[in-house]
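The structure under discussion appears below in the form of structure tokens.
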Amino acid sequence: MTEKTSSRRTKNIIKLIVLIVVLAVLVVIPIGGGRIRMTSVLILVFLYMAIAQMWNLLAGYSGLVSLGAQAFVGLGGYSLAMLSQVYGLPLWTGFVAGAVISVIFALIISMPIFKMKGVYFTVGTWIVAECLLVLFSIWKFVNYSAGYNISATYKLTPAAIYYVALAICVGAIVVVVLLLRSKFGLSLMAMRDNEAAAEIRGVKLYRTKLICFLIASAITGIAGAGLYLNIAYITPPSAFNISWTVAMCFIVVIGGIGTVEGPIIGAIIYVILNQLLYSFPGFSMLIMGVIAIIIIILAPKGIMGVVNRFFNVDLFGIKRRL
Amino acid sequence: MASIVQAIMTGILLGGLYALIGVGMSLIFGIMKITNIAHGDLMILSAFFTLMLTANLFKSIILALIVSIIIMIVIGVLVQKFLINSVIDKGSEPALLVTFGLSIVLQNAMILKFGPNSQLISTAISEVNIFRHGQLSMSGQYLLNFVVAVVIIVILTILINRTSLGRGIRATSNDVMAAELMGINTKRMYIIAMALTMTATCIAGLLVGSTFVFYPSSGTQYLIIAFGVVVIGGMGSIPGTLIGGIILGVTQLLGASIFGTPYQMLTGYVVLLILLTLRPQGLLGKAKRK
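In structure tokens form, the structure reads like this:
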């Protein structure tokens, strides 16, 4: 028994050291003469990792498969654009506003949306996002469909954007890990495995799902602001494009739905594949689509599902033991 | 006043087309309990096939339609056999994601093959006005859309409710296990349902393609319309799609005529969300027993 706990403790220490080393390397990259291209690729990896982590929190743990996550990416991006460009406020206020507006919006739409179950929820969220797309295209306040240049971002160095993206990514993962390691996470996982049984054991389904939805919305909003800090130009068709959710969905499905490690691996693969296929714009999505279909049919639990079959991976100490 | 009457009239006719777009989705949902996210893209694909066949191979649009129906049935059966049938037993989410992946593949394949530009299938009837009286007018194309839609929906309803094939399909839809015990090959029923869906969708594709301009990426927009129709009419109810289509068409055009054209889609979406919230099972759909 003691041997087991001590071996577990050494394992935990090794894991902690590995995580710290990885983080240290990531922090040093832009200083240590990391090439610009590498920095810009990593920025995308971090931000996609963050939004995919949130999509996974909803689809993988709460059973809320949403096709409307682009609503929050767009709201975050527009918060940044409006506050910095129109009102001349510092950039960081855009991130705060992105989170606040996303949470308020999520709270409002949760009332009708949470009445819908399963497929209806999925398409309901999508229609909400499409509403925002149409609304922003005909709304004078946000300059119609012309959108904004976010000129305050021009002065930022790639390294500055890199650290913002890294912070958002690490923040998102830490939030998810802390959430899953808490008692709340236990009810989440119970809910993922069997909703009816979880409810009988006293898990409050509605409240648990709502909390997840609000957290995911806030962080997707912040990451949305981060994405547009990098892109520096926003229009409704790009901000509220379903392709944001397509990306999240692919990342999570490829990496492994319902695991924390899945979106991390998925985001790395997604961004690298996209970069490799950059000169064939249509083909990259086509190939991603084919890969996703094959993975859903052959390995529905994604890469982490296959890996877990051979090694019991638990990087963040989330799995529970009886 | 005239503009309101015009909006309602055109809305009803447009609703017929919407119903035809949605009827395939309703069939698939009613029988297989899955939502086909690629529905709109399959319809746009069929419109491209008909367009290419009329432009390059045949003079007659009917002949082109028949050939593209055959092509689409083959595609539909392959999709059913190799993609949907292999995940259908695992619940609704994997099927949703598979058809989502298919939608992305189709959209990008169409952009690669046909280019991103807008297309229109020109037919003899698109320019004809049936009547024009003061501010009121009725386009021949819209009337044709409506008539064809009603005919197809009536045929499908009779097929499902009055024939022995229809009995097999309904049995599969009600209880897969019991249907199999009665000697019905349920996976074959799925394939037949997919073939019926593809036929209706292909006709819808031709009508949509000759009424509005379309792009390789238009599928998404029509998917939402199809979904709206099916939700309002009740998932799986074939006659319901006609009512759903007319409600959606009339609301959209009333919204456009009252608030201005940019609000056309928005009114449709908002009404859809309200209906989804109040009656998640649809207007004609039966509430699911617990």
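Taken in sequence, the protein lines are chains C and R.
Numbering (the working numbering) for the first sequence: 1 to 322.
Numbering (the working numbering) for the second sequence: 1001 to 1290.
Just so it is clear, CB atoms sit at the ideal spot from N, CA and C, and this is done for glycine as well.
When DSSP reads this structure, Arg1132(R) sits in a beta bridge with Ser1137(R).
Secondary structure at Phe1049(R): helix, using DSSP grouped into helix, strand and coil. If only uninterrupted alpha helix (DSSP H) runs of at least 4 residues are considered, those enclosed by the segment 27 to 80 of chain C are 36 to 56. When Cβ-Cβ separations below 8 angstroms define contact, Thr1035(R) makes contact with chain C.
Spatial neighbours of Ser1218(R) in its own chain (CB-CB distance under 6 angstroms, excluding positions within 5 residues in sequence) are listed in chain order as Ile1044.
Listed by position along chain R, the residues whose Cβ is nearer than 8 angstroms to that of Thr122(C) are Thr1035, Leu1096.
When Phe1048(R), Gly1166(R), Ile1037(R), Ile1203(R) are compared, the shortest CA-CA separation from Phe1214(R) is found for Phe1048(R). For the options Pro112(C), Phe213(C), Ser182(C), Ala190(C), the alpha carbon positioned closest to that of Val65(C) is the one of Phe213(C). For Val1271(R), no Cβ of chain C is located within less than 8 angstroms of the residue's own Cβ. Pairing Ala1193(R) with Ala50(C), the inter-Cα distance amounts to about 41 angstroms. Annotated as distal: Val253(C) and Leu1042(R), with beta-carbon spacing of 8 angstroms or more. Tyr233(C) places its beta carbon less than 8 angstroms from that of Ile150(C).
Leu83(C) and Val142(C) have their C-alpha atoms roughly 11 angstroms apart.
Close to chain R, meaning a Cβ-Cβ distance shorter than 8 angstroms, is no residue of the segment 74 to 93 of chain C at all.
Nearest CB-CB separation between Met1043(R) and chain C: not below the 8 angstroms threshold. Looking at the DSSP output, Gln85(C) shares a beta bridge with no other residue.
Not one beta carbon of chain C lies nearer than 8 angstroms to the beta carbon of Gly1076(R).
Residue-level contact by beta carbon holds for Met285(C) and chain R, with a gap shorter than 8 angstroms. For Gly1166(R) and Gly1268(R), the gap between their C-alpha atoms comes out near 33 angstroms. About 17 angstroms separates the beta carbons of Thr1157(R) and Thr1172(R), which is beyond the 8 angstroms limit, so they are not a contact pair.
Within 8 angstroms of the CB of Ser1086(R), the CB atoms of chain C belong to Ile297, in sequence order along the chain.
By the rule that beta-carbons nearer than 8 angstroms mark a contact, Thr1054(R) does not touch chain C. Those residues of the segment 123 to 147 of chain C placed with their C-beta closer than 8 angstroms to a C-beta in chain R are Val123, Gly124, Trp126, Ile127, Val128, Glu130, Cys131, Val134, Leu135, Ser137, Ile138, ordered along the chain. Annotated as proximal: Gly68(C) and Ala129(C), with beta-carbon spacing under 8 angstroms. According to the DSSP secondary-structure assignment, Ile234(C) is paired through a beta bridge with Tyr148(C).
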